[in-house]
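Structure first, then comments.
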DNA sequence: CCCGGGGCCTGGCCGC
DNA sequence: TGCGGCCAGGCCCCGG
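In the working numbering, the protein residues as written are -14 to 261.
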């Protein structure tokens, strides 16, 4: 489940392998993941050079000059880069043949990932239409806008952080981690947070996302080697996947509950629900 | 407007 | 052992 740190790790890997390469040929074997006409996608991508590999939230942005190829890995999407022909793989859905004879392959067991082309000038509109909040860095993710967004909503804080609108990039793992670090119960209504709690939460989001990027992301369930799957952040996780283990802060066993239909790990003592 | 639930997918796991 | 059923989960869409 790639979240922002894992996508950033993938981005860095891709940058090292395909930057400056020209796409000579594209093969799409699962058309539904291309969110536009498949033939038009192939036609527009073929012959373009990868000028940069950027990222916004959990989206990868391949800069092809006039257009951006926007790729979302969703749950299990992965990129593989082969120096020659790619091996047969029933989970490989898109194959980009590059001008040095190498192949960049998108592989996705669950077929949830998406690819689309967006004109570079329409990037801001794309971001706005997807209600994508700021990157979780201090300069972009301001206390004022975060606080204002929380004040307007009764939504449980966990659901609110997952919807990407207040801040981009958090998924189920890192939301559980930042809420634990902030001693906040995931079901606390957004608007019930005190100013001190909002300040702490924001700082923990910025800190934990930066740490996770530095650690190369988390490797939770490895099926194969791929970009971004050599992470070390899993060793730093305090609550995610730690059901029954002692809370590192108070020693009470970590519990797993459902919040908004999602598995949520928490310490019921440190993250008491009925607090200010 | 908000919220909840279903759909998209498939492999792994559980229980019988 | 085999198999049915359920779960995981980001995001979108629909209905209330």
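Where a beta carbon is used, it is the ideal one built from N, C-alpha and C, also for glycine.
As the structure is a prediction and not an experimental result, all values here were calculated from the model.
Quick one: Cα of residue i to Cα of residue j, how far?
i: residue 196; j: residue 178; result: 25 Å
i: residue 121; j: residue 227; result: 25 Å
i: residue 207; j: residue 149; result: Its pLDDT being 44, under 50, residue 207 is placed unreliably by the model, and the measurement read from it follows with that caveat. Residue 207 and residue 149: Cα-Cα distance of roughly 26 Å.
i: residue 218; j: residue 233; result: 16 Å
i: residue 204; j: residue 16; result: 28 Å
i: residue 94; j: residue 252; result: 33 Å
i: residue 3; j: residue 117; result: 27 Å
i: residue 69; j: residue 129; result: 51 Å
i: residue 201; j: residue 180; result: 32 Å
i: residue 133; j: residue 235; result: 32 Å
i: residue 26; j: residue 56; result: 13 Å
i: residue 175; j: residue 66; result: 42 Å
i: residue 112; j: residue 137; result: 21 Å
i: residue 256; j: residue 225; result: 14 Å
i: residue 125; j: residue 119; result: 6 Å
So, for residue i: in the same chain, excluding its five sequence neighbours on each side, which residues have a beta-carbon less than 8 Å away from its beta-carbon?
i: residue 258; result: 170, 172 and 173
i: residue 14; result: 77, 78, 79 and 80
i: residue 245; result: 141, 143, 144 and 147
i: residue 64; result: -5, -2, -1, 89, 90, 91, 92, 211 and 212
Have a look at the DSSP bridge pairing and note the partners of residue i.
i: residue 82; result: 10 and 88
i: residue 100; result: 19 and 56
i: residue 246; result: Residue 246 pairs with nothing; no bridge assigned.
i: residue 41; result: 44
i: residue 66; result: 89
i: residue 251; result: 240
i: residue 197; result: DSSP, once it has assigned bridges, lists no residue as partnering residue 197.
When the distance is taken between beta carbons, is residue j closer than 8 Å to residue i?
i: residue -8; j: residue 59; result: no
i: residue 51; j: residue 104; result: yes
i: residue 35; j: residue 100; result: no
i: residue -1; j: residue 38; result: yes
i: residue 242; j: residue 249; result: yes
i: residue 83; j: residue 7; result: yes
i: residue 42; j: residue 98; result: no
i: residue 108; j: residue 54; result: no
i: residue 156; j: residue 21; result: no
Output needed for residue i: all residues of its chain with C-beta closer than 7 Å, excluding positions within five of it in sequence on either side, in chain order.
i: residue 194; result: -11, -10, 121, 154 and 159
Could you spell out the range, first to last residue, of the alpha helix (DSSP H) harbouring residue i?
i: residue 129; result: 128 to 136
i: residue 145; result: 142 to 147
i: residue 1; result: -11 to 3
i: residue 220; result: Residue 220 -> no alpha helix (DSSP H), and no H or E assigned at all.
Residues in its own chain within less than 6 Å of residue i by CB, not counting five upstream and five downstream?
i: residue 164; result: 171
i: residue 49; result: 33
i: residue 209; result: Any reading at residue 209 is ruled out, since the residue's pLDDT is 43, under 50, leaving its predicted position unreliable.
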